[in-house]
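Numbering (the numbering used here), first residue to last: 118 to 383. Positions of the beta carbon are idealized from the N, C-alpha and C atoms, including for glycine.
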Amino acid sequence: MRKQLIAAAIGAGVALASPAVFAQEDLNFDEYRAMLEDGNPAELYEMEGEELWKTARGPKNATLEQCDLGLGPGVVQGAAAQLPRYFADADKVQDLETRLMYCMEKQQGIDPAEIVNGKFLQGERRQMAALVAYVVGQSKGEKIAVDLSHPKMKEMYALGEQAFYYRTGAMDFACSSCHSQDDKRIRATQLPNITKPEGAAAGWGSWPAYRVSNSQFWTMQHRLWDCFRQQRTAEPIFGSDVTIALSVFMAGKGNGGEAVWPGVKR
Numbered sequence: 118m119r120k121q122l123i124a125a126a127i128g129a130g131v132a133l134a135s136p137a138v139f140a141q142e143d144l145n146f147d148e149y150r151a152m153l154e155d156g157n158p159a160e161l162y163e164m165e166g167e168e169l170w171k172t173a174r175g176p177k178n179a180t181l182e183q184c185d186l187g188l189g190p191g192v193v194q195g196a197a198a199q200l201p202r203y204f205a206d207a208d209k210v211q212d213l214e215t216r217l218m219y220c221m222e223k224q225q226g227i228d229p230a231e232i233v234n235g236k237f238l239q240g241e242r243r244q245m246a247a248l249v250a251y252v253v254g255q256s257k258g259e260k261i262a263v264d265l266s267h268p269k270m271k272e273m274y275a276l277g278e279q280a281f282y283y284r285t286g287a288m289d290f291a292c293s294s295c296h297s298q299d300d301k302r303i304r305a306t307q308l309p310n311i312t313k314p315e316g317a318a319a320g321w322g323s324w325p326a327y328r329v330s331n332s333q334f335w336t337m338q339h340r341l342w343d344c345f346r347q348q349r350t351a352e353p354i355f356g357s358d359v360t361i362a363l364s365v366f367m368a369g370k371g372n373g374g375e376a377v378w379p380g381v382k383r
């Protein structure tokens with residue numbers, strides 16, 4: 118039955134993903150999202166990610182079952198809701214993807230360059246997306262609870278806030294150009310006001326997400342990369358400080374809100 122629901126959801130996603138349908142300004146996407154609530158196609162990625170988590174891979178032929186996401190080795194439940202965070206073993210602030218990359222290197226021997234220099238949805242980044250789906254799915258319904266008390270977290274929050282308002286690129290856009298006002302839309306897409314706690318929670322707490330317009334699962338690193346691309350500015354390096362800083366800023370602003378990962382997006 119579970120597989121039938123997922124298959125039906127994917128079929129619905131394909132049917133509704135045509136350009137003609139998305140051209141309709143009155144598309145009620147909230148209603149469509151509700152239809153997928155119990156059959157989000159991202160569940161396929163979650164299942165794949167759980168298998169990857171438990172599968173021995175890499176030069177060291179090891180699993181990720183001892184990866185410490187912040188709550189202790191191997192603890193996945195609730196971990197994503199408290200990320201990004203400062204990790205003493207790495208002596209840096211890491212988001213979910215850079216933490217997974219750290220564990221993949223240390224425990225499995227997988228070269229981070231395979232991820233950093235790769236392409237989204239291909240190779241090790243495709244594996245990363247599945248792992249992310251699995252981990253965030255274990256925090257669905259949890260309250261966002263990012264600890265900003267460490268000095269390096271405070272530094273990242275400040276950098277993220279600066280980056281959020283920094284105008285750049287051919288269009289002279291900033292993140293704030295789209296995400297600092299209430300009730301702002303681009304066609305059928307509601308743009309959350311990240312400057313307010315409820316808006317930050319709605320934005321941060323619903324990505325990563327399955328995108329019905331292209332039948333792809335996007336992580337937050339992927340989402341941020343595409344935002345930079347749309348600004349017509351330099352695209353960020355995977356896992357770079359600016360991407361993590363923006364995540365700290367959004368998550369910190371959204372503290373106390375509910376995480377609905379993985380989300381469903383246009």
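Three or more beta-carbon pairs separated by less than 8 Å are not found between the segment 227 to 236 and the segment 188 to 199, which leaves the two stretches without contact.
For D185, the pairing in a beta bridge is given by DSSP as P190. Nearest to A205 by C-alpha distance, out of D185, T285, E222, G191, is D185. Leaving aside the five residues that flank Y274 on each side, the residues in its chain whose CB is nearer than 7 Å to its CB run, in chain order, L265, V365, F366, G369. Assigned with DSSP and collapsed to three states, F334 falls in strand. Contact annotation, R328 with W321: C-beta distance approximately 17 Å; criterion of less than 8 Å not satisfied. Going by DSSP, Q307 is part of the beta strand (DSSP E) stretching over 306 to 308.
Its Cα nearest to that of V252, the residue W324 stands out among I354, T350, F290, W324. In this structure, the CA atom of H296 is about 9 Å from the CA atom of G316. For I303, the uninterrupted beta strand (DSSP E) segment begins and ends at 301 to 303. Taking C-beta separations shorter than 6 Å and ignoring five residues to either side along the sequence, the partners of P176 in its chain run G226, following chain order. Counting C-beta atoms within 10 angstroms of its own C-beta, M218 has 16 or more neighbours from the protein chains shown and is therefore classed as buried.
Excluding its 5 nearest sequence neighbours in each direction, T306 has C-beta neighbours in its own chain below 7 Å: R383, listed in chain order. Taken in chain order, the complete alpha helix (DSSP H) segments of 4 residues or longer contained in the segment 243 to 322 are 268 to 282, 292 to 296, 314 to 321. Between L213 and V249, the gap from beta carbon to beta carbon is short of 8 Å. Residue state for E375 is assigned as strand, using DSSP reduced to three classes. Using a C-beta cut-off of 8 Å, the segment 270 to 289 makes contact with the segment 342 to 359, since at least three inter-stretch Cβ pairs fall below that distance.
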